[in-house]
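Residue numbers (the working numbering): 87 to 273. The beta carbon of each residue, even a glycine, is placed where N, CA and C say it ideally should be. Values in this document were obtained by computation on a predicted structure and should not be read as measured data.
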C-alpha cells in the first residue's frame, strides 16, 4: 500500500491539537500551479503535485517565502500508446491556484521539500478572502466540523496554540494513533 494511504489510517485527526501534533510542518500558503499527476512510488495510487508558496510557518522548518510541492491524492496519468489512468476523489476538492490554505504536512521520505497532507483531506483548510474557513475533509470528519464553525482568525489562533503545545518536528513522525472507532480512511 502507498505510504500516503497508509499514513491516513493511523493518525488521530479528531482535533486541531491532534492534527497539529501529527504534522511535521503546518504552514499557511498560496496554491500555485499544478505540476501534474503521477503514480506513487509503489504504483498503487495517483497523486497530483501542486506548488505552494509559503506565507507563514506555524510549525516546522519551512521558510516563509519558499515554494514547496504538495502531493494530493487523485489525478490523471497518461501513458504511452494513448492509455491513461485516473483516480477520482469526488469528495476531496483539490487546491485552486491563487487561493490561501492552511496545510498540515508530512514530508515525503527521500524528497526534501515535497509533502503530503497529514490526515488526508483533513490536512487542507481553505482560508477564504471573506474571513471564513472551509475544511477540505468530509463533512463528517471532526476537523471539518470544527473548522467550518470558525472564522479565519479564530481558526489560525487555535492552530497556533496547538502548535505551541505539540512535539517538535523530530518526534512528530513517531506519533501513531488509531482512527476513532467507526471512522474510515475513504474519501
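_Endpoints, beta strand (DSSP E) assigned at residue 218_ = From DSSP, residue 218 is part of no beta strand (DSSP E); its letter is neither H nor E.
Notebook entry, point to check: Since residue 165 is in the beta strand (DSSP E), which residue starts that stretch and which ends it?
Noted result: Careful: residue 165 lies outside any beta strand (DSSP E) and carries neither H nor E.
| said: Short of 8 Å in beta carbon distance, which residues of its chain neighbour residue 229, apart from the five on each side in sequence? Order them along the chain. | reply: 99, 100, 101, 102, 105, 205, 208, 211, 221 and 223
Note to self: Counting only C-beta atoms, is residue 217 closer than 8 Å to chain B at any point?
What the structure shows: Within the model displayed, chain B is absent; a lone protein chain is all it includes.
task: Using three-state DSSP, classify residue 194 as helix, strand or coil.
output: coil
Return the CA-CA distance between residue 200 and residue 121, expressed in angstroms with no decimal places.
For residue 200 and residue 121, the distance between alpha carbons rounds to 12 Å.
Residues of its chain near residue 281, where Cβ-Cβ distance is below 8 Å and the 5 sequence neighbours each way are ignored: Only positions 87 to 273 of the chain appear in the structure, and residue 281 is not among them; the question remains open.
Quiz item: Does the distance from the CB of residue 63 to the CB of residue 117 come in under 8 Å?
Solution: This structure cannot speak to residue 63, because the chain is shown only from 87 to 273.
Would you report the Cα separation of residue 173 and residue 128, rounded to the nearest angstrom? 15 Å
Q) Does the Cβ of residue 114 lie closer than 7 Å to at least one heavy atom of the ligand ADP? A) Although the ligand ADP was asked about, the structure shown includes no ligands whatsoever.
### Query
CB-CB under 6 Å to residue 138, same chain, minus the five flanking residues each way: which ones, in chain order?
115, 117, 154 and 156
Start-to-end residues for the alpha helix (DSSP H) that takes in residue 102: 102–107
key: Enclosing beta strand (DSSP E) for residue 145 [first to last residue]   = 132–145
Under 8 Å between the Cβ atoms of residue 133 and residue 140?
No.
Q.
For residue 154, list the residues DSSP reports as bridge partners.
A. 138
Looking at the unbroken beta strand (DSSP E) that takes in residue 200, where does it start and where does it end? 200–203
Item to check | Other residues of its chain near residue 249: CB distance less than 7 Å, five sequence neighbours each side excluded | outcome: Contacts found: 106, 112, 144 and 145.
Delimiting residues of the alpha helix (DSSP H) encompassing residue 230:
228–234
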